[in-house]
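**Q** Pasting a structure below so you can have a look.
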Amino acid sequence: MPLAVMIRSLLASHNPDHPVTFYIFESDLSSLDRERLEATAVGKDVSVVWVRTDHSRLHGLPNAIHLSIYDRLLVGDMLPLSVSKVIWLDADVLVMRDIRELWAQDLDGKAVLAAQDMAIPYVSCPLGLGEWRALGSTADTPHFNSGVLLIDLNVWRKEAIGPKSIRYLRSRRRSIALYDQEALNAVLLGRWGVIDPRWNVIVSIGGRWFQGRSHLPPEVHRRTIEDPWILHFAGDRKPWSLPLGQYPYGLYFRYLDQTPWAGWRPRASIGGRLRAFYYEHLRENLYPLEALYTAFRFHRLPGYLRYLRSHKSRLAG
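Sequential numbering of the sequence shown, starting at 3, is according to my numbering.
Following this line, the structure appears as structure tokens:
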């Protein structure tokens with residue numbers, strides 16, 4: 003269902019005079035869900051190619067919600083050699099601008115272009131690279147979010163980005179925080195290109211005081227929040243799991259109602275209502291505790307202490 007919403011939003015923003023092909027990575031979709039997704043991805047010169055992912059090569063990787071979280075690491079192997087460039091989009095995004103503008107970006111010999119992560123702008127952040135010093139990095143080395151990627155597959159394959167990332171994950175099973183994203187940042191350390199931050203605006207923190215802003219000039223930050231090109235529901239604040247009605251959640255469901263899942267809404271459970279209340283009314287004041295819990299969970303307390311020092315003036319207020 004989230005993938006259908008992403009597809010619908012992309013096509014609503016796309017110039018129909020230009021073809022678009024969706025390569026959908028999947029391992030366990032039902033025939034009904036396939037039919038629904040194909041019914042969503044309709045239009046002039048729109049096609050769907052199903053890519054059955056081979057998860058056997060992913061055995062032994064750190065436990066994640068589902069092995070599909072690692073699918074982007076297989077993009078070089080699973081797509082035909084005739085495909086030399088792709089845009090990777092996570093299913094939890096809304097595309098608000100013609101995706102051709104991202105496609106037209108010059109990769110300049112780099113394997114990947116991405117947006118610096120709004121929540122984790124530097125490798126030394128609590129959920130950045132746990133071993134950034136050992137990798138020869140500096141604290142202010144940029145860190146990207148892997149939910150939106152423009153990939154030169156020829157360079158990706160030549161440099162074996164996927165296999166190197168998988169080896170990195172296997173060698174650091176007990177210290178990984180954000181799984182494939184951390185591995186890609188380690189393998190591509192200092193060798194990826196930056197796209198406009200509007201191509202990956204994280205909904206749960208955009209415009210909040212605890213959003214990392216030091217990497218963005220004030221005017222760029224203002225444009226990013228006021229005119230997002232891709233909205234990314236990263237984290238656990240998903241439209242399909244929380245009864246939130248404010249923007250952009252209402253927009254999300256307007257797109258959903260243009261798919262075969264029209265009319266579906268999340269159940270308003272007690273747990274969902276409590277989480278929604280926290281996000282809407284308490285998170286602004288309690289975020290330092292949330293960050294502490296996350297840092298403790300992933301054994302990243304030193305990074306959390308750096309976070310406290312960088313926000314001490316705001317916390318004191």
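Glycine residues also receive a C-beta, built at the ideal position from the N, C-alpha and C atoms.
By the three-class DSSP mapping on this structure, what secondary structure does ASP47 have?
**A** In this structure, ASP47 counts as coil in the three-state DSSP scheme.
**Q** So the candidates are ALA236, TRP52 and TYR72; which of them puts its Cα closest to the Cα of SER58?
**A** Out of ALA236, TRP52 and TYR72, TYR72 has the C-alpha closest to the C-alpha of SER58.
**Q** What span of residues does the alpha helix (DSSP H) with TYR1 cover, start to end?
**A** Outside the modelled stretch of the chain, which goes from 3 to 319, sits residue 1, for which no answer is possible.
**Q** Tell me the residue span of the alpha helix (DSSP H) that contains HIS234.
**A** Not the alpha helix (DSSP H): HIS234 falls in the beta strand (DSSP E), residues 232 to 234.
**Q** Just tell me which of VAL77, ARG54, ILE67 and ASP94 has its CA closest to the CA of PRO241.
**A** PRO241 has its Cα closest to that of ASP94, out of VAL77, ARG54, ILE67 and ASP94.
**Q** With burial defined as no fewer than 16 other Cβ atoms inside 10 Å of the residue's Cβ, what is the status of ALA43: buried or exposed?
**A** That one is buried.
**Q** Is the separation between the beta-carbon of LEU96 and that of LEU233 shorter than 8 Å?
**A** Cβ atoms of LEU96 and LEU233: closer than 8 Å.
**Q** Taking a contact to mean a Cβ-Cβ separation below 8 Å, would you say GLN118 touches VAL196 in this structure?
**A** Closer than 8 Å, so yes.
**Q** Between the region 82 to 94 and the region 121 to 131, do three or more beta carbon pairs fall short of 8 Å?
**A** Because the criterion of three Cβ pairs below 8 Å is not met, the region 82 to 94 and the region 121 to 131 do not touch.
**Q** Classify PRO123 as buried or exposed, calling it buried when 16 or more other Cβ atoms lie within 10 Å of its own Cβ.
**A** Per the 10 Å Cβ criterion, buried.
**Q** Hey, is the region 159 to 166 in contact with the region 134 to 147, meaning 3+ C-beta pairs nearer than 8 Å?
**A** They do not touch, by the three-pair rule.
**Q** Work out the CA separation of ARG176 and ALA14 for me, nearest whole Å.
**A** Straight-line Cα distance between these residues: approximately 42 Å.
**Q** Contact defined as beta carbons within less than 8 Å: I believe ARG99 pairs with ASN17. What is the distance between those atoms, to the nearest angstrom?
**A** Not confirmed; about 11 Å, so no contact.
**Q** If you follow the alpha helix (DSSP H) that LYS157 is part of, which residue opens it and which one closes it?
**A** For clarity, residue 157 is Val in the given sequence; the question names Lys instead. Where VAL157 is concerned, the enclosing alpha helix (DSSP H) stretches over 155 to 160.
**Q** According to DSSP, is THR143 part of a helix, a strand, or is it coil?
**A** Of the three classes helix, strand and coil, the one that applies to THR143 here is coil, per DSSP.
**Q** What span of residues does the alpha helix (DSSP H) with ALA6 cover, start to end?
**A** It spans 4 to 15 - the alpha helix (DSSP H) in which ALA6 sits, taken as one unbroken run.
**Q** With 16 as the cutoff for other CB atoms within 10 Å, does ALA179 come out buried or exposed?
**A** ALA179 comes out buried.
**Q** Could you give the residue range of the alpha helix (DSSP H) that holds ALA116?
**A** Note, ALA116: premise wrong, no alpha helix (DSSP H); beta strand (DSSP E) at 114 to 116.
**Q** Is DSSP giving TRP90 helix, strand or coil here?
**A** Of the three classes helix, strand and coil, the one that applies to TRP90 here is strand, per DSSP.
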